[in-house]
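Structure representation (structure tokens):
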């Protein structure tokens, strides 16, 4: 089960949901795509490349997310991508789009 990183609710604002947790959740979802052999190889390769960008310690969280989004956005247009994989990629992109420096 994914760890959402939501520790408690205070004054209507979720606390504890920081960039590291978002990147960790995106990483877990990317690994599920990479390990799914029913997904075409080029899409798994793009997921691996996006994962490598997310693991790059030299970059800030916002830049990591932007680089990964750029890679994932290109494969969402692939007609060979299964619908379930496309939905997972969109979920990953949605998580990454919330990351700010």
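Numbering (the working numbering), first residue to last: 10 to 110.
We put the CB at the ideal spot given by N, CA and C, even for glycine.
Using DSSP with H/G/I as helix, E/B as strand and the rest coil, what is residue i?
| i | result |
| --- | --- |
| residue 53 | helix |
| residue 64 | helix |
| residue 110 | coil |
| residue 70 | helix |
| residue 48 | coil |
| residue 100 | helix |
| residue 89 | coil |
Which value, in whole angstroms, describes the spacing of the CA atoms of residue i and residue j?
| i | j | result |
| --- | --- | --- |
| residue 107 | residue 87 | 24 Å |
| residue 111 | residue 92 | There is simply no residue 111 to check, as the chain begins at 10 and stops at 110 in what is shown. |
| residue 69 | residue 77 | 12 Å |
| residue 67 | residue 104 | 21 Å |
Between the options, which lies nearest to residue i when the distance is taken from Cα to Cα?
| i | options | result |
| --- | --- | --- |
| residue 85 | 56, 30 and 27 | 56 |
| residue 102 | 74, 89 and 90 | 74 |
| residue 90 | 60, 109, 37 and 53 | 53 |
Could you pull the start and end residues of the alpha helix (DSSP H) that residue i belongs to?
| i | result |
| --- | --- |
| residue 38 | 28 to 43 |
Using 10 angstroms around the beta-carbon of residue i, count the other beta-carbons present and answer buried if the total reaches 16, otherwise exposed.
| i | result |
| --- | --- |
| residue 5 | This structure leaves residue 5 out entirely; the chain is present only between 10 and 110. |
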